[in-house]
Structure formats: structure tokens, C-alpha cells
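Chemist:
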Amino acid sequence: MAVSTLYKGRHRRNNVALSLCIAATVFGLIWLVIILAELVWKGVGGLSLSVFTHLTKGPGDNGGLLNPIVGSLIMTTLGTVIGTPIGLLAGTYMAEYGQFSKLTIVVRFINDILLSAPSIVIGLFIYVVLVAHGVGHYSGIAGAVSLAVIVIPVVVRTTEDMLTLVPVTLREAASALGMPRSLYLWNVAYRAASAGLVTGVLLAVARISGETAPLLFTALGNTLWSTDLLQPMASLPQVIFNYAGSAYTDFQQLAWTGALIITFVVLMLSISARMIVAIGGVKK
Amino acid sequence: MAEVAVNSAAGTYARQQDRSRALRWFNLTDTTFRLASLSAAVFVLLLLGGIIISLIIGAMPAFQKFGLNFLTVQRWDPNADIYGALAPIYGTIVTSVIAMVIAVPIGLGIAIFLTEICPPWLRRPIGIAIELLAGIPSIIYGIWGFFVFAPVLQQTVQPFLINTLGQIPGIGNLFAGPPYGIGILTAGLILAIMVLPFITSISRDVFESVPPVLKEAGYGLGCTTWEVVTKIVLPFTRIGVVGGVMLGLGRALGETMAVTFVVGNAHRISASILAPGTTISATIANEFQEAVGDLYTSSLIALGLILFFITFLVLAAARYMLMRLDQKAGK
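Protein sequences, first through last, are from chains D and A. Each residue of the first sequence is one higher than the last, beginning at 1 in the working numbering. Each residue of the second sequence is one higher than the last, beginning at 1 in the working numbering.
#1: Check whether the Cβ of I120(D) lies closer than 6 Å to any heavy atom of the ligand NAP, and answer yes or no.
#2: Any chance the segment 24-42 of chain D sits against the segment 235-247 of chain D, with 3 or more Cβ pairs inside 8 Å?
#3: In chain order, what residues of the same chain have a beta carbon less than 6 Å from the beta carbon of K331(A), not counting five sequence neighbours either side?
#4: What separation, rounded to the nearest whole angstrom, lies between the Cα atoms of L47(D) and F251(D)?
#5: Would R207(D) pass as a contact of V154(D) if the rule is Cβ separation under 7 Å?
#6: Using the beta-carbon of each residue, which ones in chain A are nearer than 7 Å to Y97(D)?
#7: Is DSSP giving I273(A) helix, strand or coil here?
#8: In whole angstroms, what separates the C-alpha of W256(D) from that of P237(D)?
#9: Just verifying my parser: in three-state terms, what is the DSSP assignment at F76(A)?
#10: Starting from the beta carbon of S209(A), find every residue of chain D whose beta carbon is closer than 7 Å, and list them in chain order.
#11: Identify whether G43(D) lies in helix, strand or coil by the three-state DSSP scheme.
#12: With DSSP as the reference, identify every bridge partner of Y83(A), one or two as the case may be.
#13: According to DSSP, simplified to helix, strand and coil, what is G172(A)?
#14: Are the C-beta atoms of M194(A) and some chain D residue less than 7 Å apart?
#15: So G240(A) and L322(A) are in contact, right, with Cβ under 8 Å, and what is the actual spacing, rounded?
#16: Relative to the C-alpha of G79(D), which candidate in M233(D), R10(D) and L147(D) has its C-alpha closest?
#17: To the nearest angstrom, how far is it from the Cα of L38(A) to the Cα of G64(D)?
#18: Got a sec: is the Cβ-Cβ distance from S182(D) to anything in chain A below 7 Å?
#19: Counting beta carbon pairs with one atom in the segment 13-25 of chain D and one in the segment 111-119 of chain A, are three or more of them shorter than 8 Å?
#20: Assuming V292(A) and T278(A) form a contact by the criterion Cβ under 8 Å, report the distance between their Cβ atoms to the nearest whole angstrom.
#21: Taking the straight line between their C-alpha atoms, what separation do you get for F288(A) and V151(D)?
#22: State the DSSP-derived secondary structure class of G91(A), mapped to helix, strand or coil.
#23: Along chain A, which residues have their Cβ under 7 Å away from the Cβ of V107(D)?
#24: Between the Cα of I120(D) and those of G200(D), I86(D), L229(D) and L215(D), spot the shortest distance and give me the residue it belongs to.
#25: With DSSP run on the structure shown, which of helix, strand or coil describes G107(A)?
#26: What residue range is occupied by the uninterrupted alpha helix (DSSP H) comprising V107(D)?
#27: Going along the chain, which residues of its own chain have a beta-carbon closer than 7 Å to the beta-carbon of I168(A), five neighbours each way excluded?
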């Protein structure tokens with residue numbers, strides 16, 4: 001009798017705890033559904049061709065988001081182009097040349113901290129370096145560089161992870177043929193890990209295309225059409241930030257539409273990154 | 001005959017030439033590649049050094065003017081050019097604590113569900129959904145929180161809290177005042193939603209590092225699933241879980257756009273968590289473009305330095321703990 005109550009008690013506790021876990025999961029997923037549903041609900045209404053073809057204008061002037069979209073494209077592309085080679089090389093060093101060196105341990109530690117460092121601090125850093133001193137004023141190039149600083153740790157991390165996954169036998173085969181490390185990396189390791197490396201870059205692009213905080217005090221924003229990298233440049237997240245806080249309903253509508261566009265792009269990027277990994281992160 | 005000998009001698013010579021040229025080329029590319037990759041790795045270190053040094057340089061005027069009082073004074077008055085960081089520091093810590101109190105149990109619950117209860121075919125879709133939640137840009141959370149979440153809170157949850165918990169002496173002060181909608185509590189709740197995926201995915205990875213043998217031994221002794229989780233999985237992964245939680249905390253402390261929309265941007269410390277407040281990141285994001293005068297800008301950069309210092313400590317501790325778990329798991 002005593003045994004059976006003890007057993008029942010344990011069983012009951014088990015059921016209660018596990019039900020709570022299931023409830024937690026449902027609770028966590030509900031937010032994803034609610035946020036996405038709300039975003040589509042509010043954003044789709046404002047989606048029209050003029051959003052993509054008109055420049056930002058005054059309230060009530062049927063403005064669009066053309067210059068912020070172009071600005072975002074320019075700065076995201078440039079940020080990726082600057083950040084990716086540095087990240088790729090650093091990751092290569094950690095996985096290949098400095099595999100057993102103390103420097104690698106330090107770099108890995110610092111890189112992991114940079115990976116989660118507040119992006120607003122990176123914005124301030126670039127402000128001090130490029131806006132207050134280097135270029136001397138707010139500019140598109142400062143925005144691109146601040147995004148590049150965010151790209152680097154993401155790419156470093158995935159590059160190191162992916163290169164260490166390349167089977168040792170491939171390296172041994174390459175060494176047996178007399179290949180130096182550079183040729184092994186270029187012709188064997190990068191090829192075997194190419195899908196994984198592309199994933200890292202895609203994740204980095206996904207990360208920076210929604211970044212707002214660092215752009216506020218580097219690229220600043222621009223209500224006019226400008227592709228000059230030395231001038232302030234508009235970006236989609238920054239326009240959303242400014243428009244959402246405004247009192248005009250058409251600005252708020254544009255902010256929702258812009259938010260929908262960004263979320264769509266970011267989700268597409270992360271989903272395709274995951275699919276590439278699922279198909280073949282590292283060929284073995 | 002002689003001709004052939006001469007030819008083959010010339011051929012050997014040419015081959016040797018080729019080979020030494022190829023070797024030189026190999027050496028050159030290898031050295032270049034090694035140096036380039038080494039300098040990129042060193043560059044990552046310099047990046048961190050650069051961030052710290054440039055923030056210190058930028059913050060210098062503010063620290064010279066206010067000294068350590070910058071950290072302890074609540075008054076933030078651009079008109080009088082007097083700046084104290086206490087209110088933003090307080091707001092940053094309180095919103096993050098609220099976020100962690102809510103997100104940690106829920107995140108661990110989801111991780112337990114994913115590793116112990118969930119049928120295998122459902123594991124991947126739910127895992128991916130949680131990770132997508134982590135990928136949504138923070139400005140989306142901000143705009144959603146501002147237009148949708150805050151008004152709902154103002155009409156439902158906050159009046160309820162004021163009428164129930166707010167009436168209890170003592171802790172009632174935490175829930176006093178009118179329902180603003182935006183405020184410290186709302187910012188904390190939004191942060192909780194944002195850090196939930198980080199805590200979930202790290203704890204899931206950490207739980208999966210438990211050797212199956214240990215769990216099987218537990219089940220073999222007749223443990224229930226919950227007993228296996230609390231007596232085997234959690235003790236084994238304790239350091240890793242704490243590391244994951246602190247990683248989430250690091251995110252919460254530095255999160256900017258989501259908080260900026262809903263925290264209320266009021267430079268004061270209120271007893272009530274329903275009242276508007278501000279955080280370090282929200283202050284910088286809101287005021288930087290309008291900051292006139294070197295001291296104002298410098299004070300904002302000083303705020304950034306404080307934020308970086310706090311998050312650096314939290315993240316370093318988190319990484320250290322996760323590294324120790326990896327060593328334990330023999331990775």
C-alpha cells in the first residue's frame with residue numbers, strides 16, 4: 001500500500017512536470033505565430049508597387065521605401081564583402097594553421113564574445129573611429145563597416161566549425177600527393193566545406209539585414225536619393241524606426257510594410273541557410 | 001645516341017627547373033596564406049581592443065567631468081549639461097532580470113520537452129521554429145511591442161496587476177500607478193520573448209551532451225522521466241545551463257531596438273515596474289542623433305562603455321562555463 005502511494009506520487013509529479021514542459025513549448029511557439037500573423041496582417045495592406053518605386057516623401061505624399069531599400073542593399077552587400085574574407089581567413093587560421101596554438105584559444109574566446117556583443121556598442125565604436133575622426137561625418141561607408149564588424153564573428157565561427165568537420169582522410173590524401181596546406185585548403189577543404197561556408201555567410205547576411213542600432217549613428221539615414229558612400233545613407237531598419245515613432249498613419253503603415261519586407265528576407269535567408277546545411281554541410 | 005643523351009640531360013634540367021619553380025610557388029602561396037590567415041585572426045583580437053580603446057577615448061570627457069559620480073547620479077539633464085547614468089543602469093538591470101525570471105524556466109521547459117518528451121519527427125520542426133524566432137530582427141519585436149503588445153497590456157494585464165498585487169502592502173509598490181502600457185515591465189516581457197530562443201537552443205544542445213548510458217541507467221532503476229531530468233540531466237549539465245542562461249542575459253542587457261520602443265524613455269527610477277523608465281541602450285539609441293555638445297555625446301559613449309563592460313563580464317563568464325562543460329564532455 002505504501003509502495004503504491006509512493007509510486008503514484010512520483011508518477012503524478014512526473015505528469016505535472018512534463019505537462020508544464022509541453023505548456024512551455026506551446027507558449028514559446030505561440031509568440032512566433034502571433035508576431036508573424038500580426039506582421040503579415042498589418043504589413044500586407046500597405047504592400048504595393050509604389051513602396052518599391054517611390055522615394056521616401058513627406059507625410060500624405062504617397063511616398064515609398066525605394067531609397068531605404070537600395071541603401072540597405074548597398075550597405076549589407078558592402079558589409080558582407082568586407083567582413084567575409086576577414087572572417088574566412090581568421091576561421092581558416094583557427095582550424096588549420098593555428099589548430100593547436102594558444103592564439104586560437106584566445107581568438108575563439110574573444111570571437112564568441114564579439115558574436116554576442118551588443119550591436120549598439122559596435123555602432124558607437126565605428127562612430128568614434130569613422131564618423132568623429134576618419135571620414136568626419138555620417139556616411140554610408142561607416143554604416144557598411146559597422147555591419148562588417150558584425151559579419152566577421154559569425155563567419156569566423158562557422159568557418160572554423162565547418163573546416164574542422166572536413167574528414168582527416170581527405171587531408172592525408174592531399175598531403176600524400178605533396179600538396180602544401182594552401183593548395184589543400186583551396187582545392188580540398190574549401191570545396192568539401194563549401195555548403196557550410198555559404199551557410200555561414202547567409203546567416204551573417206540575415207543577421208545584418210535587420211540590424212538597426214549600429215546604423216543610427218554611422219549611416220544616419222537620408223530622406224533623399226543618394227548612393228554616394230561618403231554621404232549619409234538611408235536604410236530600411238532605420239526608416240522603420242523613425243516612421244514607427246511618427247504620428248502619421250501613412251508613415252506607420254510604411255513602417256509595418258518595411259518590417260514585413262525585412263522579416264521575409266531574413267526568414268528566407270535563414271531557412272535557405274538551414275536547407276543548405278541539411279542537404280550537405282560538409283561533403284564526406 | 002649522343003643527341004638523345006644531350007636531350008635527356010636538357011629534359012632533366014628543365015624538369016628540375018620546373019620542380020624548383022613549383023616548389024617556390026608552393027612555398028610562396030603557403031607563406032602568404034598562412035600570414036594572411038594569421039593576420040585575420042589577430043585582427044579579430046584588435047577589433048575587441050579597438051572597441052574598448054575607442055569607447056574609452058570617446059567617454060573620456062564625461063568621466064573627467066563627472067568622475068565616478070557618473071555611475072551614482074540619477075539626474076540626466078541635457079539642458080544643464082549634467083549627466084548621471086544611474087537610471088539607465090538601473091533600467092537595464094531590472095528589465096533583464098524580469099526577462100530572465102520569465103524566460104529561464106520556460107526555455108528550460110522547452111529544452112526538456114525537445115530532448116526528453118518530444119516524438120522524434122516533431123523535434124526538428126519545433127527546433128527550427130524556435131531558431132527562426134531567434135532570427136527575427138529586434139526592430140520587429142520593437143514595432144510589434146509598441147503597436148500591439150503594449151496596448152493589450154495596458155488594457156488587460158496591467159489593470160489586473162494593479163488591482164490584485166498592487167493592493168498588497170509591500171510588494172504592492174512594485175505594481176502601483178496608472179497602467180501606461182509602455183514601461184519597465186513591458187520591456188522586460190519583450191526581452192523575455194527575445195531571449196527565450198537563445199536559452200532554449202543552448203540548453204537543448206547542452207542536454208543532448210548527456211551520455212545516453214547515464215540516462216538509461218536512471219530509467220533502468222525505474223526513474224520517471226522527470227526524475228531522470230532533475231537527478232541526472234540537470235546535475236550533469238549544470239555549468240552548461242548556467243552558461244546558456246548567462247548568454248541569454250548578455251543578449252538581454254545589450255538589446256536595443258525592441259526595448260527602445262516600449263521602455264518609455266524616462267530618466268527616472270520608479271519603485272513601480274509599471275512606470276516608464278529607460279535602459280542604457282535605449283538612451284543611446286534615442287538621444288545620440290540629437291545630442292548637441294561634446295559632453296552630451298561623450299556621456300552617451302560612456303554609457304556604451306559601461307554597457308560593454310557589463311556584457312563583457314557576463315559573456316566571458318558564460319563562455320568560460322560552456323567551455324568547461326565541453327571539456328567535461330571530452331570534446
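By construction, the Cβ of each residue, glycine as well, lies at the ideal position given by its N, Cα and C atoms. Note that the coordinates shown come from a computational prediction; the quantities given were computed from them, not determined experimentally.
Modeler: Put simply:
#1: Ligands displayed in this structure: none; no statement on the ligand NAP is therefore possible.
#2: no
#3: With a pLDDT of 48 at K331(A), under the threshold of 50, the modelled position of that residue is not reliable, and the figure given next carries that caveat. Excluding sequence neighbours, K331(A) sits near nothing in its chain.
#4: Pairing L47(D) with F251(D), the inter-Cα distance amounts to about 13 Å.
#5: yes
#6: Ordered by position in chain A, the residues that pass the 7 Å Cβ test against Y97(D) are R34, S37 and L38.
#7: Coil at I273(A), not helix or strand.
#8: 11 Å
#9: The question names Phe, yet the displayed sequence has Trp at residue 76(A). Note: W76(A) maps to strand in three-state DSSP.
#10: Here the premise fails: no neighbours, minimum Cβ distance about 16 Å.
#11: helix
#12: In the DSSP assignment, Y83(A) is bridged to W76(A).
#13: helix
#14: no
#15: The pair is a contact, with the Cβ atoms about 6 Å apart (cut-off 8 Å).
#16: L147(D)
#17: 46 Å
#18: yes
#19: With the cut-off at 8 Å, the segment 111-119 of chain A and the segment 13-25 of chain D touch.
#20: The Cβ separation is near 19 Å, so there is no contact.
#21: 24 Å
#22: helix
#23: For V107(D), the C-beta contacts it makes with chain A under 7 Å involve A41, V44 and L45, in order along the chain.
#24: L215(D)
#25: helix
#26: K102 to S116
#27: Contacts found: none.
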